[in-house]
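Novice: My questions all concern the structure below.
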Amino acid sequence: PAIAGTLMCLGNAWRALGDAHKALSYYERALAIHEQAYKDEPNHPLIAANLFCLGNAWRALGDGRQAVSFFQRALTMYEQVYQETPNHPDIAGTLGNLGIVWGALGDGRKAVSFYQRALAIYKQVYHETPNHPDIASILNNLGIAWRDLGDARQAVSFYQRALAIYEQVYQETPNHPDIATTLNNLGNAWLALGDGRKAISFYQRVLAIYEQSYQETPNHPDIASTLNNLGAAWQNLGDARQAVSYYDRAL
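For what it's worth, my numbering labels the leading residue of the sequence shown as 29, then goes sequentially.
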């Protein structure tokens, strides 16, 4: 098991470096050792964690089906391991990842169902600290799933709940990327609902955060993307001059 632990660490390091192929090979070697070491205890948390990491590696490689298969095996194992504490963050994290992968595979309904299960667990886990980033992250993902399903109103409602939590969590760092991302999602949702004015107000807040965050790299793609969104929103409002001015700045 000690060797397997080192292989897992190497896998994590390669994944952090963006080489999911190398990560995969280390995770697979670790899994072979873990399965041998715990053959009398096949539902072992280390095997489940290993399967979870394999799911993440396949997801990074863009193979959603393989990712689902590993996350599903990890989930089954975690549910066995934590039978007496079913509201465990490891279960919620795996459900959340299944939601992300099903969303990427184009099945928004399945994504919503996994996110809802994850949210229910996180609400139990963090009942004493309801403004937790894990809850906000799931709410934001639920917004994305509903947007993908074509229900922008539902999306707005989840994004607003996520934003309220993030603004509490990051009171001392209000230019946090999680806040910017959620504001941007709200802008996109309002634009989809045909309310260009509301979209602009959210995009302007995103732009203000990015301009603070990227003072030393003012040509950052996040700034360009937001300027582009502002151009689209002004175009939606029929103001071609304003639209062109933002598109020009984005270039």
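Every residue gets a Cβ at the ideal spot worked out from N, C-alpha and C, and that includes glycine. These numbers come from a predicted model, not from an experiment.
Between the alpha carbons of residue 235 and residue 134, how many angstroms are there, rounded?
Specialist: Here residue 235 corresponds to residue number 207 of the sequence shown, with the count starting at 1. Here residue 134 corresponds to residue number 106 of the sequence shown, with the count starting at 1. Between the C-alpha atoms of residue 235 and residue 134 there is a straight-line separation of about 30 Å.
Novice: So, with DSSP's three-state summary, where would you put residue 79?
Specialist: Residue numbering aside, residue 79 sits at position 51 when the sequence shown is read from its first letter. Reduced to three states, the DSSP call for residue 79 is helix.
Novice: Just to confirm before moving on: does the CB-CB distance between residue 82 and residue 56 stay below 9 Å?
Specialist: In the sequence shown, residue 82 corresponds to position 54, counting from 1. In the sequence shown, residue 56 corresponds to position 28, counting from 1. Yes, the pair counts as a contact, with Cβ atoms nearer than the cut-off.
Novice: Among 152, 142, 222, which residue has its Cα nearest to the Cα of residue 260?
Specialist: The count along the sequence shown starts at 1 and reaches residue 260 at position 232. Comparing Cα-Cα distances from residue 260 to each of 152, 142, 222, the minimum goes to 222.
Novice: So, is residue 276 buried or exposed, given that buried needs 16 or more other C-beta atoms within 10 angstroms?
Specialist: By 1-based counting over the sequence shown, the position of residue 276 is 248. In summary, residue 276 is exposed, with fewer than 16 beta-carbon neighbours lying within 10 Å of its beta-carbon over all protein chains present.
Novice: Which stretch, first to last residue, makes up the alpha helix (DSSP H) that contains residue 63?
Specialist: What you label residue 63 is simply residue 35 of the sequence shown in a count that begins at 1. 48-65 is the span of the alpha helix (DSSP H), which, as asked, contains residue 63.
Novice: State yes or no: is the C-beta of residue 32 within less than 9 Å of the C-beta of residue 78?
Specialist: On the sequence shown, position 4 is the one that residue 32 refers to. On the sequence shown, position 50 is the one that residue 78 refers to. For residue 32 and residue 78, yes; Cβs fall inside 9 Å.
Novice: Just how far apart, CA to CA, sit residue 129 and residue 87?
Specialist: For the purposes of this step, residue 129 is taken as residue 101 along the sequence shown, with counting starting at 1. For the purposes of this step, residue 87 is taken as residue 59 along the sequence shown, with counting starting at 1. Cα-Cα distance, rounded: 7 Å.
Novice: Excluding five sequence neighbours on each side, which residues of the same chain lie with their C-beta closer than 6 Å to the C-beta of residue 176?
Specialist: Start at 1 with the first residue of the sequence shown, and residue 176 comes out as number 148. Excluding sequence neighbours, residue 176 sits near 136.
Novice: DSSP three-state label for residue 117, please.
Specialist: As a position in the sequence shown, residue 117 is number 89, starting the count at 1. When secondary structure is reduced to three states using DSSP, residue 117 falls in the helix class.
Novice: Helix, strand or coil for residue 156, going by three-state DSSP, please let me know.
Specialist: By one-based count along the sequence shown, residue 156 stands at place 128. Reduced to three states, the DSSP call for residue 156 is coil.
Novice: What residue does the alpha helix (DSSP H) around residue 224 start on, and which one ends it?
Specialist: Here the question's residue 224 lines up with position 196 in the sequence shown. Element bounds for residue 224: 224-241.
Novice: Which same chain residues, not among the five before or five after residue 239, have their C-beta less than 7 Å away from its C-beta?
Specialist: By 1-based counting over the sequence shown, the position of residue 239 is 211. The beta carbon of residue 239 sits closer than 7 Å to the beta carbons of 251 from its chain, once the five residues preceding and following it are set aside; these are given in chain order.
Novice: What are the uninterrupted segments assigned as alpha helix (DSSP H) that are 4 or more residues long and contained completely in the stretch 158-211, given in chain order?
Specialist: Contiguous alpha helix (DSSP H) elements confined to the stretch 158-211 occur at 161-176, 180-197, taking only those with 4 or more residues.
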